[in-house]
Amino acid sequence: TDQKMAEVNVISSSIVAGNINQSERTKIHLTSSDLNLLQDDYTQRGLLFHKPDPENRFISLLKTSLSSVLAIYFPFAGRLVKVDNHEDSTVSFHVDCNNSGAKFVHAISESVSVSDLLQPDGS
């Protein structure tokens, strides 16, 4: 199939951290089963909203909400760390729950409709 790439304009990009006072860092060690889950394709890449009123502080409110959610789901604001274990030549992984934040991108595309996103193959 011939798929045409739509023009996407990035308005802003920032890192949003959880609104928590984290005094101690937590590490979540991952098992081989956990790592297998990371290979699964997750289809939702973003959220769709009606076009907001220009006077509305919509993006600011979304960032505030994301910050509140990251305080609860704190591993999503952390970083995946690879550890090379030289003594036994293995590799292990853990999530460093350091509240580094999640990437928040505000972008628009005038030439893409909701149906293009929901049914990308045109069916």
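Residue numbers (our numbering): 1200 to 1322. Glycine included, C-beta positions come from ideal geometry on N, C-alpha and C.
In this structure Val1294 is in contact with Ile1227, their Cβ atoms being roughly 4 angstroms apart against a cut-off of 8 angstroms. The DSSP-derived three-state label of Ser1267 is helix. Judged by their CB atoms, Leu1265 and Val1304 are not nearer to each other than the 8 angstroms cut-off. Sixteen is the threshold: since fewer than 16 other Cβ atoms of the shown chains lie within 10 Å of the Cβ of Leu1317, the residue is exposed. One alpha carbon belongs to Tyr1272, the other to Asp1320, and they sit about 33 angstroms apart.
In this structure, the alpha-carbon of Asp1239 lies about 33 angstroms from that of Pro1251.
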